[in-house]
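Put into structure tokens, the structure is as follows:
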């Protein structure tokens with residue numbers, strides 16, 4: 649899994665092989681590290697995304713996972729408290 653800071657969030661994303669070599673799935677996890685960088689609060693625990701898609705390559709799954717993570721962060725950054 650790749651790890652990248654996107655804005656105020658630590659994002660892990662990547663592709664994982666499906667059982668019996670039937671393709672790849674995309675996974676993400678998003679953590680808030682703004683309060684204390686030594687402690688990662690999971691905003692979105694590790695989960696599979698794009699459930700209806702089986703990717704042919706790990707690279708394709710990883711790319712899609714990153715796209716989903718960026719979209720989720722964008723929605724959360726635009727959300728109003730309350």
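Residue numbers (the working numbering): 649 to 730. Yeah, the Cβ is synthetic: ideal placement off N, Cα and C, and Gly gets one too.
Point to revise | Every unbroken beta strand (DSSP E) inside the stretch 679-719 [3 residues or more] | key: 689-697
**Study point:** the stretch 716-723 touching the stretch 652-665, judged by at least three CB pairs closer than 8 Å
**Key:** yes
Check your understanding: Relative to the C-alpha of residue 688, which residue among 698, 677 and 710 is closest?
Key -> 677
Exercise for review: Compare the Cα-Cα distances from residue 694 to each of 723, 668 and 673 and report the closest residue.
Suggested key: 673
Exercise for review: Reducing DSSP to helix, strand and coil, say where residue 662 ends up.
Suggested key: Residue state, collapsed to three classes: strand.
Practice item. Output yes or no for whether 7 Å exceeds the beta carbon distance between residue 690 and residue 679. Key: yes
Practice item. Measure the CB-CB distance between residue 671 and residue 702 and report whether it falls below 7 Å. Key: yes
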